[in-house]
Amino acid sequence: MFSQKLVSDLMDASVVPLQESASLEVAVAHLVDSNYPGLPVVNTEGKISGFLSEHDCLRYLISSSYYLDDRTCVSDIMYRQPLTVSPKETLLQLAERMEGGKPKVYPVCEEGKLLGIVTRKNVMRALNDTLANTKKSA
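If you want it as structure tokens, here you go:
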């Protein structure tokens, strides 16, 4: 049942986070390759320290349109207080958070340690599976 599934059941634990010190060039390439609209950022201890989205990169591009600095790194433009979710939250709780256009991607963390990410698409897939299974059992 959808409401009983946990974030840990569908999070992507294989996501490779960005490092704070990564260059903007590396970060943008990583974002493009990841197919996610944003990625968590970790510090040298592996603790989540921010989130970098496509929106953050575009905002930087617009504000720096005449001078793109190749020394710009992820920590210069990342969002420093990302919303995170616990692996123990239910999908229903997560869906409530996502409702209304709130972030489409959430880092999944426990005690500041990044465990993975979960997306709106993950939630929609779980809902689709639940609806399909409900139809089969009816």
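Here our numbering is used: the sequence shown runs in plain steps of one and ends on residue 168.
Just so it is clear, CB atoms sit at the ideal spot from N, CA and C, and this is done for glycine as well.
Query	Result
Distance CB(Leu122)-CB(Leu40) smaller than 9 Å	no
Cα-Cα separation between Gly76 and Asp86, rounded to whole angstroms	22 Å
Alpha carbon of Thr160 to alpha carbon of Lys118, nearest angstrom	19 Å
Beta strand (DSSP E) runs contained entirely in the segment 89-153, provided each spans 3 or more residues	135-140, 143-149
Alpha-carbon to alpha-carbon, Ser33 and Lys166	18 Å
Contacting residues, own chain, Cβ-Cβ under 6 Å from Ile107 (five flanking each side not counted)	Asp86, Tyr90
Length of the line joining the Cα atoms of Thr74 and Ala162	43 Å
Residue range of the unbroken beta strand (DSSP E) whose run includes Val58	It is not in any beta strand (DSSP E) - Val58 instead sits in the alpha helix (DSSP H) that spans 54-64.
Segment limits, beta strand (DSSP E) that includes Val71	68-72
Neighbourhood of Arg155 by C-beta, 8 Å cutoff - its chain only, sequence neighbours within 5 removed	Leu40
Val104 Cβ short of 8 Å to the ligand PLP heavy atom set	In terms of ligand content, the structure shown is empty, and the ligand PLP therefore cannot be addressed.
DSSP-derived helix/strand/coil call for Lys166	helix
Separation of Ile92 from Asn65, as counted between CA atoms	22 Å
Closest by C-alpha distance to Lys151, when choosing among Glu140, Thr164, Tyr136, Glu141	Tyr136
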